[in-house]
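*Asks:* Numbering (the working numbering), first residue to last: 8 to 85.
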């Protein structure tokens, strides 16, 4: 993750040049990274053949949700 400058290039070439050469350290640029992260959707993808054989889909979904909520709570976001 990185921040960006406030100046928006006029062309795609300019955008690519800026993206490749003028990224800023997180939190130091014009992007509102915290607000962005708070609005990104979260998906849970757990492919585990052993759990698929030993737990029902509903039980797995409940477990995955509980585990994700624990991670979000640890991060202070939930």
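Ideal Cβ placement from N, Cα and C applies to all residues, glycine included.
#1: Have a look at residue 21 and residue 13 and give me their C-alpha separation to the nearest angstrom.
#2: Any idea which residues DSSP pairs residue 31 with across the strands?
#3: Measuring CB to CB, does residue 69 end up less than 8 Å from residue 58?
#4: For residue 36, which option in 53, 15 and 23 has the closest C-alpha, if you only look at C-alpha atoms?
#5: Could one say the Cβ of residue 66 lies closer than 8 Å to chain B's Cβ atoms, at least one of them?
#6: CB-CB under 6 Å to residue 82, same chain, minus the five flanking residues each way: which ones, in chain order?
#7: Less than 8 Å between the CB atoms is what I'm expecting for residue 75 and residue 49, so what's the real figure, rounded?
*Replies:* With the given structure in hand:
#1: 14 Å
#2: 10
#3: no
#4: 15
#5: As a matter of chain content, chain B is missing from the structure shown, which is built from one protein chain.
#6: none
#7: 7 Å
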